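K.L.:
Here the protein sequences come in this chain order: A and B. Per full-length UniProt numbering: the first sequence = residues 1 to 235. Per full-length UniProt numbering: the second sequence = residues 1 to 235.
2 protein chains.
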Amino acid sequence: MSFASKGMAATAQDEAYRAILQDIRSGRYQPGERLIPETIARELAMSRMPVREAFQRLANEGLVLIRPNRGCVVSGLTIDEIYELFEIRSVLEGLAVRLAMPRFDAAALAELDDHVARMHRAGAAGGGDWLGRHQEFHAYICGLSRRPKLIAQIAALHIAVEPYMRVWLHHVAQPAHATERQDEVVEAIRTGDAEHAEAVMREHVLRTAPRLAEFLRKRSQAAGASSALPASTQP
Amino acid sequence: MSFASKGMAATAQDEAYRAILQDIRSGRYQPGERLIPETIARELAMSRMPVREAFQRLANEGLVLIRPNRGCVVSGLTIDEIYELFEIRSVLEGLAVRLAMPRFDAAALAELDDHVARMHRAGAAGGGDWLGRHQEFHAYICGLSRRPKLIAQIAALHIAVEPYMRVWLHHVAQPAHATERQDEVVEAIRTGDAEHAEAVMREHVLRTAPRLAEFLRKRSQAAGASSALPASTQP
DNA sequence: CTTTGTATGAGTGTATCCACTATTACAAAG
DNA sequence: CTTTGTAATAGTGGATACACTCATACAAAG
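1. Please state whether the Cβ-Cβ distance between residue 68 of chain A and residue 11 of chain B is less than 7 Å.
2. Would DSSP call residue 190 of chain B helix, strand or coil?
3. Measure the Cβ-Cβ separation of residue 81 of chain A and residue 205 of chain A and say whether it is below 7 Å.
4. Can you find a C-beta in chain A that's less than 7 Å from the C-beta of residue 22 of chain B?
5. Output, in chain order, the set of chain B residues within a Cβ distance shorter than 8 Å of residue 207 of chain A.
6. If you measure from the beta carbon of residue 53 of chain A to each beta carbon in chain B, is any gap under 7 Å?
7. Could you spell out the range, first to last residue, of the beta strand (DSSP E) harbouring residue 73 of chain A?
8. Could you check the C-alpha separation between residue 79 of chain B and residue 90 of chain A for me, to the nearest Å?
9. Going by the DSSP bridge assignment, what does residue 34 of chain A pair with across the sheet?
10. On the three-pair Cβ rule with 8 Å, is the region 206 to 225 of chain B touching the region 154 to 172 of chain B?
11. Taking its Cβ as the centre, do 16 or more other Cβ atoms sit within 10 Å of residue 47 of chain A, making it buried, or is it exposed?
12. Mind pulling the chain B residues with CB within less than 8 Å of residue 102 of chain A?
13. According to DSSP, is residue 243 of chain B helix, strand or coil?
14. Can you look up residue 140 of chain A in the DSSP assignment and give me helix, strand or coil?
15. So, residue 186 of chain B versus residue 200 of chain B, is the Cβ gap smaller than 7 Å?
16. Tell me the DSSP secondary structure of residue 123 of chain B in three-state form.
17. Residue 65 of chain A to residue 9 of chain B, Cα distance in whole Å?
18. By DSSP, does residue 145 of chain B sit in helix, in strand, or in coil?
19. Can you grab the Cα-Cα spacing for the pair residue 59 of chain A / residue 17 of chain B, in whole Å?
20. Enumerate in chain order the residues of its own chain whose CB-to-CB distance from residue 133 of chain B is below 6 Å, with the five nearest sequence positions on each side excluded.
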């Protein structure tokens, strides 16, 4: 399941974490929405405490904002912040491909092609699967770098922008899978030139940022002050 | 105070977080050491709970490892992990200088020189201050990028390796401030070429990794199994 | 002497409870 | 009708209490 961690929840706190994370990623809890521990605790049949600690974790990953004595809200990202996340992701994923290059043998390249094919199928089918396949494609490349912390950081960045990507892909006429040129990335990897692959990956990641930003800008001014899903919650 | 966050703790949990973080950074709690909530809670005159939540935060930043039902230990980094952190830091700080370049006017350059001078003074004095001044130097450059999340991530990386840097600087004959060539970075910034500055910063950050690694490797084999400060705790 | 079982204690995870803060609704004054 | 003060309520942070898990020590059996 792309960048999501596998395994069963060993503890109640972990269960709460996964449940809330899922609901944020899927868009059920929207940016700006307030999360009430008691409510969620009831839903999951546990006490407030593990939920509180799950909030902590989410706050550290930037998905949620806890203001002392003022509760926990799903942290909306400003357009500037989204740009920033893409910038960071570009250099980190650039580093990841570069480090992964020595491991791209014939088998790995074949698997990479597989991922691209799966993406295109999902894109053609039109379901919401494309985003997941796309993350898997990136996760596969990053995984070959064999750098656990690097992989974790990149995963966190993917998750942070996922809700926005989701609404974008849902609303936009020209879907991303038509214009996203993953072939260029695969091509660059095939050349075997690590520096080149890094540069191409950077470009590739950065390319989506302005398009997503433009969409969000348009939508936020279209919706005005009555927006149900504000692009920015923090000033 | 370099990469440390300012301000007073608004909540008990925050107080616990700062206290524990400080003790990890300073080396009072050493890698592999187990942290007992009750003990720390007594020390800080509060209950276990805010301490637990502080552990959560520290765990997310990778400074501490929580295994379910098995408590919380200061997470020692393997040499590979230290390398990885330097790799990540190199690309992130590279990005930071590149983005900061437009803001390097005469005043900023003067302040940068100030930082370098302060570093050299601290290095000559020989106290433990050099590390703090060094972090301030990097923090100043990163700060000019005006990218809050990027700055926060870099800060976290600095903190993660700080305990190791500390013992290294303490034990080594040829101190880092003699061989660290910050002048190259400043020089590169002065040229105004963003791409060049990025490349130099990457190089600069990466340069310390192998030397630190070598020191840790030597010490860990010298100390054998009886090491009081193991370089690696996770297998 | 080694191995295996058991008991005890320390430590962890969760639930409940209490005190305090913030927010809201409402009322009185202007 | 607006503004300001006040009361009520919802919600947060923290402390305590309890149940369960794990680890260690020790004893009995091989």
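Every residue, glycine too, gets a C-beta built ideally from N, C-alpha and C. For clarity, every value in this text was computed on a predicted model and none was experimentally measured.
P.N.:
Straight from the coordinates:
1. The residue given as residue 68 of chain A occupies position 68 in the first sequence. The residue given as residue 11 of chain B occupies position 11 in the second sequence. In contact: residue 68 of chain A and residue 11 of chain B (Cβ atoms closer than 7 Å).
2. Residue numbering aside, residue 190 of chain B sits at position 190 when the second sequence is read from its first letter. Residue 190 of chain B falls in the helix class under three-state DSSP.
3. Working through the first sequence from its first residue, we reach residue 81 of chain A at position 81. Working through the first sequence from its first residue, we reach residue 205 of chain A at position 205. In this structure, residue 81 of chain A lies away from residue 205 of chain A, with their beta-carbon atoms at least 7 Å apart.
4. In the second sequence, counting from the first residue as 1, residue 22 of chain B sits at position 22. For residue 22 of chain B, the answer is no, since every Cβ of chain A falls outside 7 Å of its Cβ.
5. Position 207 of the first sequence, counted from the start, is the residue given in the question as residue 207 of chain A. None at all; the shortest Cβ gap to chain B is about 17 Å.
6. Taking the first residue of the first sequence as 1, we reach residue 53 of chain A at position 53. For residue 53 of chain A, the nearest beta carbon of chain B is closer than 7 Å to its own beta carbon.
7. If you number the first sequence from 1, residue 73 of chain A lands on position 73. That run of the beta strand (DSSP E) goes 72 to 74.
8. To locate residue 79 of chain B, count along the second sequence from 1; it is residue 79. To locate residue 90 of chain A, count along the first sequence from 1; it is residue 90. Each residue's Cα considered, the two are about 26 Å apart.
9. Reading the first sequence from its first residue, position 34 is the one you call residue 34 of chain A. Residue pairing by DSSP places residue 34 of chain A opposite A:73 in a beta bridge.
10. As far as the Cβ criterion goes, the region 206 to 225 of chain B touches the region 154 to 172 of chain B, which means the pair count is three or higher.
11. The count along the first sequence starts at 1 and reaches residue 47 of chain A at position 47. Exposed is the call here.
12. Locating residue 102 of chain A in the first sequence gives position 102, counting from the first residue. Chain B residues near residue 102 of chain A: none, gap ~14 Å exceeds 8 Å.
13. What the structure shows of chain B is the stretch from 1 to 235, and residue 243 of chain B is not part of that stretch, so it cannot be assessed.
14. Counting from one through the first sequence, the residue named residue 140 of chain A turns up at place 140. DSSP places residue 140 of chain A in helix when its eight states are reduced to three.
15. In the second sequence, counting from the first residue as 1, residue 186 of chain B sits at position 186. In the second sequence, counting from the first residue as 1, residue 200 of chain B sits at position 200. For the pair residue 186 of chain B and residue 200 of chain B, the CB atoms are not nearer than the 7 Å cut-off.
16. By one-based count along the second sequence, residue 123 of chain B stands at place 123. In the three-state scheme derived from DSSP, where H, G and I count as helix and E and B as strand, residue 123 of chain B is classed as helix.
17. On the first sequence, residue 65 of chain A is found 65 positions in, with the first residue counted as 1. On the second sequence, residue 9 of chain B is found 9 positions in, with the first residue counted as 1. Rounded to whole angstroms, residue 65 of chain A to residue 9 of chain B spans 17 Å at the Cα level.
18. Numbered from 1 along the second sequence, position 145 holds the residue referred to as residue 145 of chain B. DSSP places residue 145 of chain B in coil when its eight states are reduced to three.
19. As a working note, residue 59 of chain A is residue 59 in the first sequence. As a working note, residue 17 of chain B is residue 17 in the second sequence. Those two C-alpha atoms are separated by around 14 Å.
20. Numbered from its first residue, the second sequence carries residue 133 of chain B at position 133. 118, 119, 122, listed in sequence order.
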